[in-house]
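Using our numbering, you'd call the opening residue of the sequence shown number 9 and step up by one each time. Data first, discussion second: the structure below is written as structure tokens.
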Amino acid sequence: MSELTTIARPYAKAAFDFSIEQQAQNKSAVEKWAEMLNFASQVVENKEMQGFLTGDLSASKVADTVISICGDQLDQYGQNLIRLMAENKRLTVLPAVFALFQHYVSEHQAIADVEVISAQPLSAEQQAKIAAAMEKKLARKVKLNCSVDNALIAGVIIRTDDFVIDGSSRGQLARLANELQL
């Protein structure tokens, strides 16, 4: 199974990244890609198709056949993916590509909880700036949980599952003391 995942990962990631780029012009691009990959993976999972895909036919013949079976379910970009995978003799891993694509979509749609501890209450504008910066850094939607800790003196501490950004005066003083070995 891990070999299938290794083979499928670059195709799934490329399809996901491309669908996210298209999302700027077409709000349903990710859903469209999910539908295309789902349909195409069901086609290649068919027992009769399995024998056809592993046969001695040329890559272009295999790709054309899969594309014709899928019909209007594939747009030009989906057809390009089928042709590329056929050239590389990877069409049999299309179900794994679809599964990984769904995983990337789930990760992308997930909301990251970000804890923001500040020395003073943050304004709505400051919260919006922090949220925008964290969404860009984490590549996902962010939910801020803000609190106040007067012991920080000034600045903020931002925590999420993956990392901590300590921009507080207390943290800066602690790092300075550590550097001076006090």
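Where is the CB? At the ideal position from N, CA and C, for every residue including glycine.
Under the three-state DSSP convention, the category residue i falls into
{"i": "S126", "result": "strand"}
{"i": "N96", "result": "coil"}
{"i": "D83", "result": "coil"}
{"i": "D25", "result": "helix"}
{"i": "I15", "result": "helix"}
Start-to-end residues for the alpha helix (DSSP H) that takes in residue i
{"i": "N46", "result": "A37 to E53"}
{"i": "D72", "result": "A67 to C78"}
{"i": "I138", "result": "A132 to L146"}
{"i": "V105", "result": "L102 to Q117"}
{"i": "N186", "result": "S177 to L188"}
Bounding residues of the beta strand (DSSP E) (the contiguous stretch that carries residue i)
{"i": "S155", "result": "K149 to V156"}
{"i": "I166", "result": "V164 to R167"}
{"i": "I173", "result": "V172 to D174"}
Residue nearest to residue i in terms of C-alpha spacing, selected from the options
{"i": "K205", "options": "S177, W41 and A139", "result": "There is no way to answer for residue 205, as the model of the chain reaches only from 9 to 190."}
{"i": "I28", "options": "D169, I15, A42 and A16", "result": "A42"}
{"i": "G79", "options": "K97, V124, E56 and M44", "result": "M44"}
{"i": "G86", "options": "F106, K97 and K69", "result": "F106"}
{"i": "A94", "options": "L61, Q31, V51 and R167", "result": "L61"}
{"i": "G179", "options": "I165, P103, D169 and G63", "result": "I165"}
{"i": "G163", "options": "A147, L181 and A141", "result": "L181"}
{"i": "S68", "options": "M57, Q81 and L92", "result": "L92"}
Cβ-based burial, residue i [other Cβ within 10 Å; buried from 16]
{"i": "F171", "result": "exposed"}
{"i": "A48", "result": "buried"}
{"i": "S176", "result": "buried"}
{"i": "L160", "result": "buried"}
{"i": "V156", "result": "exposed"}
{"i": "S76", "result": "exposed"}
{"i": "A71", "result": "buried"}
{"i": "L188", "result": "exposed"}
{"i": "A136", "result": "exposed"}
{"i": "S36", "result": "exposed"}
{"i": "A185", "result": "exposed"}
{"i": "S126", "result": "buried"}
{"i": "A104", "result": "buried"}
Contact belief for residue i with residue j at Cβ below 8 Å, rounded distance in angstroms
{"i": "V101", "j": "I90", "result": "V101 to I90, Cβ: 12 Å. No contact."}
{"i": "H116", "j": "R148", "result": "6 Å"}
{"i": "N153", "j": "D121", "result": "6 Å"}
Short CB-CB distance (under 8 Å) between residue i and chain B
{"i": "E187", "result": "In the structure shown, chain B cannot be found, because there is only a single protein chain."}
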